[in-house]
Amino acid sequence: MKRYVALARVSSREQEREGFSLAVQEDALKRYAESTGGEIVQFFSIAETASKTDERKAFRELIAYAKKYAVELDGLLFYKVDRAARNLFDYVELERLESEYALPFISVSQPTDSNPAGRMMRRTLANM
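128 is the number that our numbering gives the last residue of the sequence shown; the numbers go up by one with no jumps.
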């Protein structure tokens, strides 16, 4: 059975209204894991009400967890690339997990390859 770490993140009330609520993201992430015969073993959620300090703490916890359990995991799940990190610097940390820990970055609604072209596309999406 595949094992995933997942992150759902909402940074504004507008995103909640546009259909990117935490509940929508969490449901999509769970459905993806199940469709691959897998499960989400650790779920991180960041709501728009989180302070920058709290948001940063949750992101750091995700990174630490992924590094600690990398050999037991099959990937990092996100709803969309721009939901994965609040800035390009944080996104690069996630990309580093993919290259240094062999943890695939999986955007369930914006699939990309893990090759140079796919990484370039994800960086572009992360900047938006």
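We treat Cβ as the ideally placed atom computed from N, Cα and C, and that holds for glycine.
Since the structure is predicted, the reported quantities are computational estimates derived from the model, not experimental observations.
Straight-line Cα distance separating residue j from residue i
i, j, result
"ILE40", "LYS30", "7 Å"
"LEU22", "ARG83", "10 Å"
"THR124", "TYR32", "23 Å"
"ARG60", "TYR91", "12 Å"
"TYR69", "GLN110", "25 Å"
"MET1", "ALA66", "17 Å"
"PHE20", "GLU100", "30 Å"
"ALA117", "ALA102", "17 Å"
Cβ of residue i within 8 Å of any chain D Cβ
i, result
"LEU29", "Here chain D cannot be found, since the structure has a single protein chain."
Spatial neighbours of residue i in its chain, beta-carbon cut-off 6 Å, leaving aside the 5 residues before and after
i, result
"PHE44", "LEU7, ALA58 and LEU62"
"GLU26", "ALA8"
"ARG122", "VAL81 and THR112"
"ALA28", "TYR79 and VAL108"
Residues of its chain near residue i, where Cβ-Cβ distance is below 8 Å and the 5 sequence neighbours each way are ignored
i, result
"PRO104", "ASP74, GLY75, LEU76, GLU98 and SER114"
"ASN127", "LEU88"
Opposing strand residues paired with residue i [DSSP bridges]
i, result
"TYR4", "ILE40 and GLY75"
"SER45", "ALA8"
Residues of its chain near residue i, where Cβ-Cβ distance is below 7 Å and the 5 sequence neighbours each way are ignored
i, result
"GLN42", "VAL5 and TYR65"
"GLU93", "ILE63"
"GLY37", "MET1 and LYS2"
"PHE89", "none"
"GLU95", "PHE105 and ARG119"
Runs of alpha helix (DSSP H) lying entirely within the stretch 51–111, each at least 4 residues, in chain order | 52–68, 81–84 and 88–101
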